[in-house]
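Student: I'd like to ask you about the structure that follows.
Numbering (my numbering), first residue to last: 12 to 482.
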């Protein structure tokens, strides 16, 4: 029984010892913490310097946009006159060349036959006959004028006109010498003097001989003699007839030259010439109004007519170029300073994710447009890369504008820059002893991460990028 009564007492004393030891340990820990805490606080408060080395690299400033591929040229074509479509030579998607006949109207056959007849040997003979007839008319008109003013006066009128033309040509030629101009002036003066002398002879000799008439008076039965020179109106009319005959001769000669050259030389309108050339132009218009011709190389993109259909002057098909494709794309208005004619672009296509093509900005539209409720800058670019990909009008394209770039430039993080004044910057360079030295720098390009340093630093310099607190 005694043995059992002593066991609880020993256990109680052991428990009290353990408690005392725990309390002593806690006190020691508390003391250590108490005395160590100020030191820890001091260390945590000390800032850690953040640095970066000046390095070389590339810096590219870009802006991104999206747009659509468009043809450089696209036109809607229609006939010049109404009629029934008799022939259709193309379908949607067909590639055509400039000058190719795309469609014809009924009645074109006769118009084409009449036009073709102009360029046959018989057509050439007829044109040569027209020139010969026109030359006869000029000769007759010259003879009529010579009779009225005398051959001598007419001759020197022609010589004066020729001398004046020669002098005008020399004066208009910057390479003409002073001596040549003087000789031409002297020649003109001689011809004018000769003309005056001829006019004197005309009055004193030619008129009395040529325009003196005699007749018998019906009452007195006497012979009456009278000189009646040509009136001014007669001379003016004769000169006008000669000028008109010359114009018709020139017209006939031009028509002959056109016919001899062939229809392929007919590229410009001939409506401003005389009747012979106008006849050629009229026949050509009759042919052209009844046929549809491709104005340039391209692809048929739409067709709104069938054979046998009656059409007017409205468009019946559309033609677009397949070469020199353009890209119209949009940039956010905040990137307007990055878009300028001549700047390079990189193009990627939804249809060809792995394809990247180079391009160049052609123009920037002067006014903003609203797309999906946001103001945007409209930019036009062209493809400059040759490629075998089937780039089609209407394709979606992503565009990256290369606004500026610096290659092998000195670069620092933008956090290293300290702005001293607008446009003026400095950096803190870490010295060998760990101190910082403020150094002015010239900044070139910069983006959100890096800045180009044009002067003030060298490769390998260590710069401060700021400080952070250690936790």
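The C-beta atom is built at its ideal place from N, Cα and C for all residues, glycine as well.
Tell me, which residues are paired with residue 449 by DSSP?
Tutor: 439, per the DSSP bridge assignment.
Student: For the stretch 189-199 against the stretch 153-168, do three or more pairs of beta-carbon atoms, one drawn from each stretch, fall closer than 8 Å, so that the two count as touching?
Tutor: Too few Cβ pairs lie closer than 8 Å, so no.
Student: Exposed or buried, what is residue 459 when buried is set at 16 or more other beta-carbons lying within 10 Å of its beta-carbon?
Tutor: The residue is exposed, with fewer than 16 neighbouring Cβ atoms inside 10 Å.
Student: Return the CA-CA distance between residue 153 and residue 185, expressed in angstroms with no decimal places.
Tutor: Taking the straight line joining both Cα atoms gives about 36 Å.
Student: Figure out for me which residue from 234, 416, 240 and 297 has the closest Cα to the Cα of residue 121.
Tutor: Ranking the options by Cα distance to residue 121, first place goes to 297.
Student: For the alpha helix (DSSP H) that residue 197 lies in, which residues bound it at each end?
Tutor: First-last of the alpha helix (DSSP H) with residue 197: 189-212.
Student: Would residue 163 pass as a contact of residue 209 if the rule is Cβ separation under 8 Å?
Tutor: Result yes, Cβ atoms of residue 163 and residue 209 sit closer than 8 Å.
Student: Run the CB neighbour count on residue 199, radius 10 Å, all protein chains shown included, and call it buried at 16 or more, exposed below.
Tutor: Per the 10 Å Cβ criterion, buried.
Student: Under 8 Å by Cβ, that's how I've got residue 429 and residue 438 pegged, so tell me the actual separation to the nearest angstrom.
Tutor: That belief holds up - the Cβ atoms of residue 429 and residue 438 are roughly 7 Å apart, short of 8 Å.
Student: At a cut-off of 7 Å, is residue 141 close to the ligand COA when judged by its beta-carbon and the heavy atoms of the ligand?
Tutor: The ligand COA is absent from the structure shown, which contains no ligand whatsoever.
Student: Using CA atoms only, rank isn't needed, just tell me which of 423, 139, 452 and 365 is closest to residue 434.
Tutor: With distances taken between Cα atoms, residue 434 lies closest to 452.
Student: Identify every run of the alpha helix (DSSP H) within the stretch 282-320, keeping only runs that are complete inside it and at least 4 residues long; order them along the chain.
Tutor: DSSP runs (the alpha helix (DSSP H)) wholly in the stretch 282-320: 286-300.
Student: What residues in its chain sit with their C-beta under 7 Å from that of residue 380, if we drop five residues either side in the sequence?
Tutor: The residues are 387 and 389.
Student: Quick one: what's got a C-beta closer than 7 Å to residue 87's C-beta in the same chain, skipping five residues either side?
Tutor: Cβ within range, chain order: 326 and 329.
Student: What did DSSP end up calling residue 258 once you bin it into helix, strand or coil?
Tutor: The answer is helix: DSSP assigns residue 258 an H, G or I state.
Student: Can you list the alpha helix (DSSP H) stretches of 4 or more residues lying completely in the stretch 74-138, in chain order?
Tutor: 119-128, all fully within the stretch 74-138.
Student: Assign residue 475 to buried or exposed, taking buried as 16 or more other Cβ atoms, counted over all protein chains shown, within 10 Å of its Cβ.
Tutor: That one is buried.
Student: So residue 414 packs on residue 354, CB below 8 Å; how close in whole Å?
Tutor: The Cβ separation is near 6 Å, so the contact holds.
Student: By Cβ distance, which residues of its chain are closer than 6 Å to residue 312, with the 5 residues on each side in sequence left out?
Tutor: Excluding sequence neighbours, residue 312 sits near 329 and 331.
Student: Helix, strand or coil, according to DSSP, for residue 402 in the structure here?
Tutor: In the structure shown, residue 402 sits in coil (DSSP, three-state: anything other than H, G, I, E or B).
Student: Within a Cβ cutoff of 8 Å, which residues of the same chain sit near residue 317, ignoring the five residues on either side of it in sequence?
Tutor: Counting only Cβ-Cβ distances below 8 Å, and skipping sequence neighbours, we find 96 and 99.
Student: For the beta strand (DSSP E) holding residue 395, just list the boundary residues, first then last.
Tutor: Element bounds for residue 395: n/a, residue is neither H nor E.
Student: Please classify residue 171 as buried or exposed, where buried requires at least 16 neighbouring CB atoms within 10 angstroms.
Tutor: Per the 10 Å Cβ criterion, buried.
Student: Considering just the uninterrupted stretch of the alpha helix (DSSP H) at residue 168, what are its terminal residues?
Tutor: Its alpha helix (DSSP H) spans residues 162-183.
Student: I need the DSSP call for residue 426, collapsed to helix, strand or coil.
Tutor: Three-state DSSP puts residue 426 in a helix.
Student: Nearest CA to the CA of residue 423: which residue from 302, 457 and 253?
Tutor: Among 302, 457 and 253, the Cα nearest to that of residue 423 is on 457.
Student: Considering only the beta carbon of each residue, do residue 266 and residue 247 sit closer than 8 Å?
Tutor: No.
Student: Quick one: give me the first and last residue of the beta strand (DSSP E) that residue 381 is part of.
Tutor: Looking at the DSSP string, the run of the beta strand (DSSP E) that includes residue 381 is 380-382.
Student: Between residue 285 and residue 262, is the Cβ-Cβ spacing less than 8 Å?
Tutor: Closer than 8 Å, so yes.
Student: Among 391, 202, 177 and 466, which has the Cα closest to the Cα of residue 411?
Tutor: If we check each option's Cα against that of residue 411, 391 comes out closest.
Student: Alpha carbon to alpha carbon, what distance is there between residue 352 and residue 77?
Tutor: The alpha-carbon atoms of residue 77 and residue 352 are separated by roughly 17 Å.
Student: Under 8 Å between C-beta atoms, does residue 128 make it to chain B?
Tutor: In summary, chain B is missing from the structure at hand, where a single protein chain is found.
Student: List the whole-angstrom C-beta distance separating residue 80 from residue 402, where the pair is believed to meet the contact cut-off of C-beta under 8 Å.
Tutor: The Cβ separation is near 6 Å, so the contact holds.
Student: Name the one or two DSSP bridge partners that residue 386 has.
Tutor: 381, per the DSSP bridge assignment.
Student: Do the CB positions of residue 114 and residue 303 come within less than 8 Å of each other?
Tutor: Yes, Cβ-Cβ distance for residue 114 and residue 303 is below 8 Å.
Student: If I measure Cβ to Cβ from residue 357 and keep anything under 8 Å in the same chain, skipping five residues before and after, which residues do I get?
Tutor: Only 367, 368, 369, 370, 410, 411 and 413 meet the Cβ criterion.
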